[in-house]
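Reading through the structure tokens given below for one structure.
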Amino acid sequence: MPPEKPQLKTLGMNLVGWTSCPPENLRDGQDAHPTKLIKSSSQTMQNRNLRTTNTATSTISRQPFLEIKDVSKVYPTKKGPFTVLDGVNLNVEKGEFLCVIGHSGCGKSTLLNMVSGFNFPTTGQVLLEGEPITKPGPDRMVVFQNYALLPWRTAFENIYLAVNAVYPTKPEAEKRSIVREHLAMVGLGDAMEKKPMQMSGGMRQRVSIARALAIRPKVLILDEPFGALDAITKEELQEELLKIWGDNRCTVLMITHDIDEALFLADKLVMMTNGPHAKIGEVMEIPFARPRDRARIMEDPQYYQLRNYALDFLFNRFAHDDVG
């Protein structure tokens, strides 16, 4: 028997929005059983403590902050067209933290590259505040797994180059202040003059995150930023990322293969089906109160319901066959 179904949205369903009973209030003894938190596009379901709304109707008067609309991506090959993504739809609200999970080859990076402007849909649109994304821009910054730092530059210089490129007319003192502020924010105030080869992997990734945030983007895109780190450093950086995000609340889209990481960090977990013709299979609401406390979350029985459901989605319903 598959795990009990948590709060989610299935293929063809619209995004679920919290209304009169936001997630943080569900910690105070209220009934938030996962099976009572499911919403279809044709129904309004209620229990005694929660009402969900149809986002398709609510967004008529309010444009989504980030909208992925009927997006498909097709590549030409010698054997004919190869469809990576097929009819992907997703609305992201301002300040949300979303994690995207799925097997290798399902198009996660392709999807986020279209948000960043490094790639473009074959059909459909990606809209930011109602405007089509047609190229990369400083309003969308990306942090990669491999750090992408200039090895001959110091931590300070790596960030300064980005700040100066985006804000060339700002006074020199202000630009340098922005760099120092963001290095201090990630705990590297005393490592400004170190070059990447003098830093640990965790320190390098802190510099990468500081550089992205120093541009003050509207959307922060994280492509498995902690995938190459050891478990202890990874957890430390997860905690730091949440603290930084809590201070500035920019919108975050993060690719991960780690379900526990997603449940700790995100507001929603976007689960993708296998490619080719990959879609968003389900979007799971993560109702844990913020600020997040790892120990409390892992003591919550609902954590294991959510975790088991995501594992079942990935390894039973959409098991990877590794063919082709």
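Heads up, the sequence shown is in the working numbering, so the first residue is 7 and it goes up one at a time. A virtual CB, placed ideally from N, CA and C, is assigned to each residue, including glycine.
From P223 to N322, what does the alpha carbon distance come to, in whole angstroms?
Each residue's alpha carbon lies about 38 Å from the other.
Kindly indicate which residue of T175, F150 and I238 has the alpha-carbon position closest to the one of R210.
F150
How far does the beta strand (DSSP E) with T129 in it reach, from first residue to last?
T129 to L134
The alpha helix (DSSP H) spanning G208 covers which residue range?
G207 to A220
Would you mind stating whether L72 and L117 have Cβ atoms separated by less than 8 Å?
no
Starting from the Cα of H263, find the closest Cα among P82, Q131, S78 and C105 and give me that residue.
C105
What is the DSSP secondary structure of N95, reduced to helix, strand or coil?
strand
What distance in whole Å lies between the Cβ atoms of N280 and F232, which are believed to be in contact at a cut-off of 8 Å?
Not confirmed; about 24 Å, so no contact.
Could you have a look at G252 and say whether DSSP puts it in helix, strand or coil?
helix
Which same chain residues end up closer than 8 Å to I221 when comparing Cβ atoms and leaving out the 5 residues on each side of it in sequence?
P144, M147, A168, V169 and V172
Spatial neighbours of N125 within its chain, please: C-beta separation below 7 Å, excluding the five flanking residues on both sides.
T116 and N119
What do you get for A218, buried or exposed, if any count of 16 or more other CB atoms within 10 angstroms of its CB means buried?
buried
Between the C-alpha atoms of I250 and P87, what's the straight-line distance to the nearest angstrom?
The straight-line gap separating the alpha-carbon atoms of I250 and P87 is approximately 42 Å.
Measuring CA to CA, which of I265, A284 and A301 is closest to N314?
Residue I265 is the option with its Cα nearest to N314.
For S122, count neighbouring Cβ atoms within 10 angstroms of its own Cβ and tell me buried if that reaches 16, exposed if not.
buried
Report yes if the C-beta distance between L226 and V185 is below 8 Å; otherwise report no.
no
For the alpha helix (DSSP H) containing R186, list its first residue and its last residue.
For R186, the uninterrupted alpha helix (DSSP H) segment begins and ends at E178 to M191.
When burial is assigned at 16 or more other CB atoms within 10 Å of the CB, is I238 buried or exposed?
exposed
Taking K274 and E291 to be in contact with their CB atoms under 8 Å, please state how far apart those CB atoms are, rounded to whole angstroms.
6 Å
Exposed or buried, what is E267 when buried is set at 16 or more other beta-carbons lying within 10 Å of its beta-carbon?
buried
From what residue to what residue does the alpha helix (DSSP H) around T116 run?
K114 to S122
Buried or exposed: where does Y81 fall if 16 or more other Cβ atoms within 10 Å of its Cβ makes it buried?
exposed
So G113 packs on K79, CB below 8 Å; how close in whole Å?
7 Å
May I have the straight-line CA-CA distance separating A316 from I107, to the nearest angstrom?
9 Å
Within a Cβ cutoff of 8 Å, which residues of the same chain sit near G193, ignoring the five residues on either side of it in sequence?
Once the five neighbours on either side are set aside, the close Cβ partners of G193 are R212 and E246.
What residues in its chain sit with their C-beta under 7 Å from that of G93, if we drop five residues either side in the sequence?
D76, S78 and K285
Would K201 and P174 qualify as a contact pair, given that the criterion is a beta-carbon distance under 8 Å?
no
Report back the beta-carbon spacing between L271 and L235 to the nearest angstrom; my notes put them in contact at under 8 Å.
That belief does not hold up - the Cβ atoms of L271 and L235 are roughly 14 Å apart, past 8 Å.
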